[in-house]
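*Asks:*
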Amino acid sequence: MKTLLERFVRLFSSFGLSCVLLILLALLTWLGTLEQVNTGLFEVQKKYFESFFLVHQAGPLSIPLPGANLVMCVLALNLLVGGILRMRRGAATAGVLVVHLGISLLLVSGFVKTYFSNEGHLTLFEGQRSNSYQSYYRWEISIARPLGGGNVHELLVPQEDFVDATGARPVTLVSDELPFDLEIRHYMRNCRVMPKGPMFEVTVPVVDGFFLQADALAKEAEHNVAGAYATAVLPDGTRTEGILWGLDDAPWTVSVDGADWTVDLRHEQYPMPFSVELDVFTKENHPRTNMPSKFSSDVTVLEGGSSRPVKIQMNEPLRDQGLVLYQASWGPSNARPGDPLFSTLSVVRNPADQFPLYACIVIAFGMVMHFSRRLFRYMRAEARR
Amino acid sequence: MTNSPAARAARLLLALVPLTLLATPAPAQESAPARPAWSPEVVELAESLPVQDGGRIKPLRTQASFTLLRLSGRRSVRLPSGERLSATEWLLDVLLYPELADTYPVFLVQNAEVVEAIAVSREGKKVRDRYSFEELRPRIDRLFQLAGEYHRIEEKDRTTVQQQVFLLAMRVQEYLGLSGHLEFARESFPVRPGGEISAALDGADVATPSLILEHLGPLLVLRDRLSAEAGDGAEMQALSEMLVRTSESLSRSENLALLPPAVDEPPRADWHSPVDVFVNALQGSGADAEAIEDLAGFERLAANRDDPAAFESSLRDLHGRLVGRAEARGEYEKVDLELLYYRSKILNYSHYGFVLAFFLTAFLWLRPRSKVLYGGTSLTVLVSTVLLIGTITLRCMIRGRPPVSTLYETVLFVTAVAALIAMFTEAVNRRRIAISVAALVGVIGLFIANGYEMLDKKDTMPSLVAVLDTNFWLATHVTAITTGYSAGMLAAVLASVYLVTKAFGVRRSDPTFHHSLGRMVYGVLCFALIFSTVGTILGGIWANDSWGRFWGWDPKENGALLIVLSQLVILHARMGGYLREHGLCMATAFGGTVIAFSWWGVNLLGVGLHSYGFTSGIHDALWTYYGLQWAVVGLGAYTWLRERGRARDGRTDRSRSVNATGERPEALPGQGSHA
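One line per chain: the protein sequences are A and B, in this order.
Residue numbering for the first sequence follows numbering that gives the first Met the number 0, starting at 0 and increasing by one per position.
Residue numbering for the second sequence follows numbering that gives the first Met the number 0, starting at 0 and increasing by one per position.
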């Protein structure tokens with residue numbers, strides 16, 4: 000009689016499970032690829048590739064499927080148990096073992112990237128400098144009070160703390176460092192501020208004649224602009240209403256006991272251990288065409304009292320202290336000759352940045368080892384024939 | 000509004016419509032004038048003129064060839080008289096004898112409804128036929144009007160006829176850009192001797208545009224003075240007319256940038272068309288003496304067009320000037336190489352070779368023991384493959400790039416690598432199967448390459464977008480992934496041969512035939528997996544260096560992943576005993592459609608970062624391939640079921656004797672578990 004553990008090990012080391020999981024992953028990849036025609040990549044990624052379960056809509060049919068996250072977790076287990084721990088050892092399988100180790104490294108790099116990295120962008124006009132970058136997708140609420148001398152006392156609220164706020168179920172942000180409580184309601188992932196006219200009614204609050212109108216999510220997720228209603232509840236029970244919107248020119252201000260607190264909904268910001276100043280941005284086209292042939296940003300990296308010039312261009316990023324800065328885009332797109340241009344540098348902090356390269360070398364080595372052995376055996380057999 | 004090349008072209012088209020109508024020459028006379036035949040020397044000189052187009056310097060032959068391909072769907076023109084003109088000869092006629100070229104049937108209309116939409120007579124024409132500019136001219140205003148209306152409709156929402164009307168208008172616009180290019184060179188203005196204009200032109204009694212540009216400063220001063228003084232009215236009128244007509248004719252010379260900049264201009268600078276010379280002169284940067292002499296050279300060409308000897312001499316002079324300057328700038332060396340590439344027709348010969356090898360294969364299968372046929376087939380495949388590799392090498396030298404940087408080049412590379420793998424396999428097992436498949440993939444691959452070129456109708460050596468400007472990643476990732484495509488497709492073809500021959504009982508008498516074929520499929524599939532996997536991961540590493548992320552679930556990335564996953568499934572299922580020889584071949588044949596989806600199919604989705612590979616017009620061909628490949632898989636399934644049924648019947652009969660002998664069916668080692 001087999002024990003439960005034996006059954007478990009047998010199941011998780013089986014080729015059958017490998018095949019099922021690989022087919023499921025291929026199916027999800029295929030569905031997620033086709034879905035991108037109608038839905039933006041960001042949403043597809045969330046639904047198919049970063050989920051544990053999903054429901055795929057095939058016309059009128061709703062098909063429940065495991066998400067790629069779940070499939071890859073089980074596949075990793077299958078690889079570990081069947082492809083590494085319990086695999087038959089010997090010259091015949093040495094190459095396969097190396098390949099499996101390489102794939103494990105690739106999976107580890109994916110795990111590290113998912114849970115320990117962040118990414119954003121740094122957009123600068125020539126002559127501008129910055130020591131932080133901001134997320135493309137994530138939002139945060141900054142509550143700040145100037146302290147004088149250019150210093151501020153700032154509290155940051157990550158988006159997980161307020162994205163679920165609705166009209167019926169507001170989220171209240173409370174802190175000992177704050178002289179008021181902050182209620183967030185009607186959080187919207189993509190919206191715009193509109194003036195309330197006399198000829199129509201709205202189902203959301205109107206603040207100083209303006210309201211937030213929810214929009215459909217943009218296909219390109221970085222084009223979404225979040226918004227929410229905020230209420231500052233002062234210690235004496237006074238309530239002050241305001242609108243927070245991602246594209247506001249100036250933050251909402253709350254005055255308490257003579258001190259002004261600014262409340263700002265903005266893309267999440269991350270500090271860098273150095274500053275980057277854009278010296279020159281260069282964009283070249285192929286002769287007599289509008290096809291870009293080259294983008295590059297000549298920047299100065301400043302840290303402490305030292306500075307050094309660096310050129311960042313397509314395929315040649317700047318790697319420094321765990322951060323990687325890439326030439327991502329430029330603008331304004333409607334700039335005329337002579338207009339000032341800005342350069343957008345993507346910034347990624349990924350501790351597993353180079354893991355895929357190591358994995359690729361290991362996998363290639365293992366495959367060549369395994370398949371060349373089989374090839375030579377085949378050639379010997381044919382030569383004997 | 001989108002900013003696709005088509006949209007840009009459309010905007011240009013709409014912007015130019017009024018100009019076009021204004022500048023359309025008067026209807027030709029009843030009988031178009033004859034012209035002397037272009038001598039081979041003249042054609043050779045003309046086609047080796049360098050021109051800057053699409054961001055690179057190329058021979059005029061290339062420009063003429065692809066322009067004619069876009070207009071006519073062919074690389075030559077067949078006249079009603081039966082005479083056939085090469086693309087360069089056609090371009091010479093368009094430039095120098097536009098009134099004659101207007102009568103050539105070069106505008107391919109795929110659907111009669113297109114000409115009916117603009118009310119052009121179809122008398123004597125087939126449903127799909129070619130029309131001359133002369134035939135379209137009476138309704139050209141209607142053509143442009145409709146094109147303007149259809150341009151406002153999203154391309155994907157246009158009907159076939161609307162799209163074809165739009166394309167026809169663009170082609171006519173392109174043609175007009177060429178036929179008016181040397182209009183300035185045919186202009187000349189008599190000048191009253193002793194008059195002020197003559198004085199401003201240093202005593203010349205005839206003014207040509209080049210002379211006018213040379214003396215533009217004094218002429219403009221004279222115009223301003225005459226205008227202010229309101230003096231000699233005839234002189235003022237003559238001067239105004241001269242300047243206006245020069246300006247108008249030069250404004251039509253925008254399309255061919257044949258004039259290299261000065262030698263001391265920076266590398267990769269813009270080359271000039273005649274209108275640029277005029278604009279530069281007007282903008283006060285001064286009349287460039289060298290460029291003006293170039294324009295004078297074109298004027299001499301136009302003046303001598305009916306005198307073959309004088310024309311050749313003028314062309315030789317102009318050729319010497321333009322090529323000399325391009326050489327001095329270091330911009331001509333690839334032009335000669337490109338001419339060699341096209342003149343040698345090396346790719347055509349490779350294709351003919353594969354076709355010949357394919358026919359030899361047919362005889363070889365009838366007489367498999369014939370050493371002469373075997374040697375002949377192998378040699379033909381070898382020579383054809385060498386020619387194909389020569390083609391790829393020449394392209395690498397011309398472009399200064401690794402073998403694959405465009406979708407077109409993937410086809411050449413995939414074909415060459417597939418043929419090489421098949422030849423290697425044949426060298427190992429000498430069963431006449433792989434060499435036959437090499438000939439087959441050669442024929443199909445080069446047919447696809449040719450078909451793609453005819454569909455796309457664009458230069459196959461275009462400039463690359465910024466992100467692709469890296470020879471390291473093109474040489475590693477792109478080469479590896481394309482090798483993976485190649486081996487995967489070869490495995491699919493071999494698997495299809497296995498399934499089809501088995502279904503129809505080919506070589507039934509030779510029990511080793513299909514087993515050997517099955518082992519080939521497995522071997523090639525393993526080779527494919529190595530390159531698909533390494534290529535896919537290298538692609539991720541490139542993306543990490545370009546866009547800051549290893550994997551972004553972009554359609555092209557997903558396509559590559561699908562190939563790797565499908566091949567992993569097949570090999571794991573084989574190891575687990577779920578697939579045996581026949582099943583492996585069915586799955587591998589199906590895998591061909593996965594590769595086709597990744598290679599071509601995702602480009603049709605119209606989304607993603609790999610938009611530089613997008614193309615249109617391949618939808619039907621792709622679905623035809625899917626259909627054929629799935630039919631082969633279906634045939635394999637039918638054969639499997641049929642054999643299973645027979646085996647079941649046989650087993651029932653055999654069971655008594657098995658019990659007697661004690662034999663057991665063969666089982667695969669390690670079946671069903673990694674352990």
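C-beta: ideal position from N, C-alpha, C; glycine also.
Curious, which full-length alpha helix (DSSP H) runs of at least 4 residues does the region 76 to 132 of chain B contain?
*Replies:* You should have 86 to 95, 97 to 100 and 111 to 116.
*Asks:* Based on the DSSP output, what are the partners of residue 244(A) in its beta bridges?
*Replies:* Residue 244(A) pairs with 226(A).
*Asks:* Can you tell me whether residue 333(B) is buried or exposed? The criterion is at least 16 other CB atoms within 10 Å of its CB, across all chains shown.
*Replies:* Buried, by the Cβ-count rule.
*Asks:* Among 569(B), 598(B), 630(B) and 549(B), which one has its Cα closest to the Cα of residue 105(A)?
*Replies:* Of the candidates 569(B), 598(B), 630(B) and 549(B), the one whose C-alpha sits nearest the C-alpha of residue 105(A) is 549(B).
*Asks:* Less than 6 Å between C-beta atoms, sequence neighbours within five positions excluded: which residues of the same chain meet that for residue 601(B)?
*Replies:* Here the set comprises 554, 555 and 558.
*Asks:* For a contact defined as C-beta to C-beta under 8 Å, what are the partners of residue 547(B) on chain A?
*Replies:* Within 8 Å Cβ-Cβ: 118, 316, 323, 325, 327, 345, 346 and 347.
*Asks:* Can you check whether the CB of residue 89(B) is closer than 7 Å to the CB of residue 68(B)?
*Replies:* Their beta carbons are not under 7 Å apart, which means residue 68(B) does not touch residue 89(B) by this criterion.
*Asks:* Hey, is residue 436(B)'s beta-carbon within less than 7 Å of any beta-carbon in chain A?
*Replies:* For residue 436(B), the answer is no, since every Cβ of chain A falls outside 7 Å of its Cβ.
*Asks:* Quickly, what does DSSP pair residue 64(A) with across the bridge? List them, please.
*Replies:* DSSP output for residue 64(A) lists 53(A) as bridge partner(s).
*Asks:* For residue 682(B), does the three-state DSSP call read helix, strand or coil?
*Replies:* Outside the shown range of chain B, which is 0 to 674, sits residue 682(B), and nothing can be said about it.
*Asks:* Rounded C-beta distance between residue 241(B) and residue 188(B)? I'm assuming under 8 Å.
*Replies:* Confirmed, about 5 Å.
*Asks:* Nearest by alpha-carbon distance to residue 415(B): which of 404(B), 397(B), 400(B) and 380(B) is it?
*Replies:* Among 404(B), 397(B), 400(B) and 380(B), the Cα nearest to that of residue 415(B) is on 380(B).
*Asks:* Do residue 51(B) and residue 287(A) count as a contact pair if the criterion is CB distance below 7 Å?
*Replies:* A contact, by the Cβ cut-off of 7 Å.
*Asks:* Could you check if residue 152(A) is buried or exposed, using at least 16 other CB atoms within 10 Å of its CB as the buried criterion?
*Replies:* Flag for residue 152(A) reads exposed.
*Asks:* Tell me whether residue 342(A) is buried or exposed, calling it buried when 16 or more other Cβ atoms sit within 10 Å of its Cβ.
*Replies:* That one is buried.
*Asks:* Kindly indicate which residue of 516(B), 61(B) and 213(B) has the alpha-carbon position closest to the one of residue 421(B).
*Replies:* For the residues 516(B), 61(B) and 213(B), the minimum Cα distance to residue 421(B) belongs to 516(B).
*Asks:* Flag residue 469(B) as yes if its beta-carbon sits less than 7 Å from any beta-carbon of chain A, otherwise no.
*Replies:* It does: the Cβ of residue 469(B) has a partner Cβ on chain A nearer than 7 Å.
*Asks:* Using C-beta distances below 8 Å, list every residue in its chain close to residue 220(A), excluding the 5 sequence neighbours before and after it, in chain order.
*Replies:* If we look at residue 220(A) and ignore the five residues flanking it on each side, its Cβ neighbours are 39, 40, 41, 42, 135 and 136.
*Asks:* Quick one: grab the DSSP three-state call for residue 102(A).
*Replies:* Here residue 102(A) sits in helix by DSSP.
*Asks:* Counting pairs of beta carbons, one from the region 402 to 410 of chain B and one from the region 471 to 483 of chain B, are three or more of them closer than 8 Å?
*Replies:* The region 402 to 410 of chain B, when compared against the region 471 to 483 of chain B, does touch it at the 8 Å Cβ threshold.
*Asks:* Considering only C-alpha positions, which residue in the set 116(B), 93(B), 561(B) and 115(B) is nearest to residue 105(B)?
*Replies:* Ranking the options by Cα distance to residue 105(B), first place goes to 93(B).
*Asks:* If you draw a straight line from the C-alpha of residue 192(B) to the C-alpha of residue 236(B), how long is it?
*Replies:* So the alpha carbons of these two residues sit roughly 16 Å apart.
*Asks:* Which class does residue 51(B) belong to by DSSP, given the choice of helix, strand or coil?
*Replies:* Strand.
*Asks:* So which residues of chain A does residue 575(B) contact, with C-beta pairs closer than 8 Å?
*Replies:* Those are 13, 14, 15, 17 and 18, listed as they occur along chain A.
*Asks:* Which residues, taken in chain order from the region 554 to 571 of chain B, show a beta carbon closer than 8 Å to some beta carbon of chain A?
*Replies:* Residues 554, 557, 558, 560, 561, 564, 565, 567, 568 and 571.
*Asks:* State the DSSP-derived secondary structure class of residue 478(B), mapped to helix, strand or coil.
*Replies:* Correct three-state label for residue 478(B): helix.
*Asks:* So what does DSSP say about residue 261(B), is it helix, strand or coil?
*Replies:* Of the three classes helix, strand and coil, the one that applies to residue 261(B) here is coil, per DSSP.
*Asks:* Using a 10 Å radius around the Cβ and a threshold of 16 neighbouring Cβ atoms, would you call residue 211(B) buried or exposed?
*Replies:* That one is buried.
*Asks:* When the Cα atoms are used, what is the spatial distance from residue 261(B) to residue 594(B)?
*Replies:* When rounded, the distance between both Cα atoms is 49 Å.
*Asks:* Report yes if the C-beta of residue 299(A) is less than 6 Å from at least one heavy atom of the ligand SAH; otherwise report no.
*Replies:* Absence of the ligand SAH is noted for the structure shown, with no ligands found whatsoever.
*Asks:* Which residues in the same chain have their Cβ closer than 7 Å to the Cβ of residue 501(B), if we skip the five residues on either side of it in sequence?
*Replies:* The answer, listed in chain order, is 513 and 638.
*Asks:* Helix, strand or coil: which one does DSSP assign to residue 120(A)?
*Replies:* Strand.
*Asks:* On a CA-only basis, which of 589(B), 34(B) and 48(B) is nearest residue 306(B)? Give me that one, please.
*Replies:* Taking only the C-alpha atoms, the option nearest residue 306(B) is 34(B).
*Asks:* So residue 213(A) is in the beta strand (DSSP E); what residue range does that whole segment cover?
*Replies:* Counting along the chain, the beta strand (DSSP E) containing residue 213(A) begins and ends at 209 to 213.
*Asks:* How big is the Cα-Cα spacing for residue 206(B) and residue 40(B)?
*Replies:* So the two alpha carbons sit approximately 31 Å from each other.
*Asks:* Quick one: grab the DSSP three-state call for residue 202(A).
*Replies:* In this structure, residue 202(A) counts as coil in the three-state DSSP scheme.
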